[in-house]
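In this note's numbering, the protein residues as written are 86 to 195.
Ideal placement from N, C-alpha and C gives every residue a C-beta, glycine not left out.
One structure is given below, encoded as structure tokens.
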DNA sequence: CGATTGACCGCTA
DNA sequence: TTAGCGGCCAATC
């Protein structure tokens, strides 16, 4: 488990149910703005897809993006989100800017 | 080592 | 407004 991966999982676990963030948001939160695509690569090999809520990470325009290795399983990503109360229409998170989770500035946590 | 790949992002036509 | 395209960074070949 690399240090980068650990940083990613720990931030991911702080996103509450019913909220989502973008890959770019996550990248910024771990102090690596611009590495959104690289993070997607990491999430694609997420060892524990349920405990680590990688389904709460979507594209910056509100589209779902991939899940568990590719775009094929994004429907399952949608189901998980809807269970948490996130509405999705036509593969797009409804009202994405409003339910978007803002990561607290670094140092404000434990 | 360099080259390629991928669950992305933002600008341009 | 909607497509397309290049750039980005970390892992893999």
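Open item on the list: Quick check: what's the CA-CA separation for residue 183 versus residue 147?
Closed with: The residue labelled residue 183 in the question sits at position 98 within the first chain. The residue labelled residue 147 in the question sits at position 62 within the first chain. Answer to the nearest angstrom: the Cα atoms are 11 angstroms apart.
- [ ] Report back the beta-carbon spacing between residue 166 and residue 173 to the nearest angstrom; my notes put them in contact at under 8 angstroms.
- [x] Position 81 of the first chain, counted from the first residue, corresponds to residue 166. Position 88 of the first chain, counted from the first residue, corresponds to residue 173. Yes, residue 166 and residue 173 are in contact; Cβ-Cβ is about 6 angstroms, under 8 angstroms.
- [ ] Decide if residue 163 is buried, meaning its Cβ has at least 16 other Cβ atoms within 10 Å, or exposed.
- [x] Translated into positions along the first chain, residue 163 becomes position 78. Buried, because 16 or more other Cβ atoms sit within 10 Å of the Cβ of residue 163.
TODO: In the DSSP assignment, find the alpha helix (DSSP H) that holds residue 180 and state where it starts and stops.
DONE: Sequence index remark: in the first chain, residue 180 carries index 95 (1-based). Residue 180 -> no alpha helix (DSSP H), and no H or E assigned at all.
Open item on the list: Taking the beta carbon of residue 100 as the centre, do at least 16 other beta carbons fall within 10 Å, making it buried, or is it exposed?
Closed with: Here residue 100 corresponds to residue number 15 of the first chain, with the count starting at 1. Buried, since its Cβ has 16 or more Cβ neighbours within 10 Å.
Task: Beta-carbon proximity list for residue 122, same chain, < 8 angstroms, skipping 5 on both sides - done: Along the first chain, one-based indexing puts residue 122 at 37. Hits under 8 angstroms: 108.
Open item on the list: Helix, strand or coil, according to DSSP, for residue 145 in the structure here?
Closed with: Taking the first residue of the first chain as 1, we reach residue 145 at position 60. In the structure shown, residue 145 sits in coil (DSSP, three-state: anything other than H, G, I, E or B).
Open item on the list: Can you tell me whether residue 179 is buried or exposed? The criterion is at least 16 other CB atoms within 10 Å of its CB, across all chains shown.
Closed with: As a working mapping, residue 179 is identified with position 94 in the first chain. Looking at its Cβ environment, which holds fewer than 16 other Cβ atoms inside 10 Å, residue 179 is exposed.
TODO: Out of 190, 192, 191, 186, state which residue places its alpha-carbon closest to the alpha-carbon of residue 103.
DONE: As a working mapping, residue 103 is identified with position 18 in the first chain. Nearest to residue 103 by alpha-carbon distance, out of 190, 192, 191, 186, is 186.
Task: Every unbroken alpha helix (DSSP H) inside the stretch 101 to 142 [4 residues or more] - done: 108 to 114, 121 to 129
Task: Bridge-paired residues (DSSP) for residue 155 - done: Sequence index remark: in the first chain, residue 155 carries index 70 (1-based). In the DSSP output, where bridge partners are listed per residue, residue 155 has 152.
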